[in-house]
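> Just passing along the structure, written as structure tokens.
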Amino acid sequence: MFYNDFTTIWSTAAKGLLIYVALIVMLRIAGKRSLSKFNIFDFVITVAVGSVFASTLTSKDVKLSQSVTAIIVLLGGQFVISKLAWNSDRFERLIKAEPALLYSGDRFNTVTMRRERVTEREVLQAVRKSGSAGLSNVEAVILETDGTMSVIAAGDTSSHLIYRPVEGA
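Residue numbers (this note's numbering): 908 to 1076.
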């Protein structure tokens, strides 16, 4: 009722262990970028790698060599795309979202907040988490490309470079 025979179970366990080890090795080679907080591109790669992993475990038709090849292609593609983005601002803007200014100059940017689907409560939560005593101590709150919010303390505006890629700044 739960299994056909032990051969299938042992085969699944062996494939699972081997693909797990292969994935760990490949992620180690791919570097920290593959494990960082996600932008949309990283999220897609992660879901695709997870799908390959699951298919390897659950399908008799998917060979281990096919799965390893697919993961190498996905992580290799991520490596190439991140290198292209590093070398070209234009390409980076094409594949990644821009950070968005949610709060600045003692006012909430409601147009941006609505577009990004961020509530005032979420901005205030980010301010509290930053250790700030209140909005009077905050210069700006920025929604980063990975979905986190950065809180810039009042008086930390010595460099305008920090706002360079921020939409609405």
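Glycine included, C-beta positions come from ideal geometry on N, C-alpha and C.
Use the C-beta contact count for L1050: other C-beta atoms within 10 angstroms, 16 or more gives buried, fewer gives exposed.
Answer is buried; the Cβ neighbour count reaches 16.
> Starting from E1005, trace the beta strand (DSSP E) both ways and give me its first and last residue.
Counting along the chain, E1005 falls outside any beta strand (DSSP E), and DSSP gives it neither H nor E.
> Between which two residues does the alpha helix (DSSP H) containing A1040 stretch?
Element bounds for A1040: n/a, residue is neither H nor E.
> Does the count of Cβ pairs from the region 1038–1053 and the region 1009–1023 closer than 8 Å reach three?
Enough Cβ pairs lie closer than 8 Å, so yes.
> Whose C-alpha, out of G923, T914, V980, is nearest the C-alpha of M933?
M933 has its Cα closest to that of V980, out of G923, T914, V980.
> Thinking just about the alpha-carbon of each residue, which of M1056, A977, G983, T1026 is nearest to the one in P1006?
Minimum Cα distance to P1006 is reached at M1056.
> Short check: CB of L964 to CB of T919, under 9 Å?
Their beta carbons are under 9 Å apart, which means L964 touches T919 by this criterion.
> Could you spell out where the alpha helix (DSSP H) holding S1057 opens and where it closes?
It is not in any alpha helix (DSSP H) - S1057 instead sits in the beta strand (DSSP E) that spans 1056–1060.
> Three-state secondary structure (DSSP) at K922?
K922 falls in the helix class under three-state DSSP.
> In the DSSP assignment, what residue or residues form a beta bridge with I1049?
Per DSSP, L1008, S1057.
> Using C-beta distances below 8 Å, list every residue in its chain close to T1052, excluding the 5 sequence neighbours before and after it, in chain order.
Around T1052: N946, K1003, A1004, E1005, P1006.
> By the 10 Å Cβ neighbour count, where 16 or more other Cβ atoms means buried, how is L982 classified, buried or exposed?
It is buried - the Cβ of L982 has at least 16 other Cβ atoms within 10 Å.
> Output the distance between the C-alpha atoms of K922 and R935, rounded to the nearest integer angstrom.
Each residue's alpha carbon lies about 20 Å from the other.
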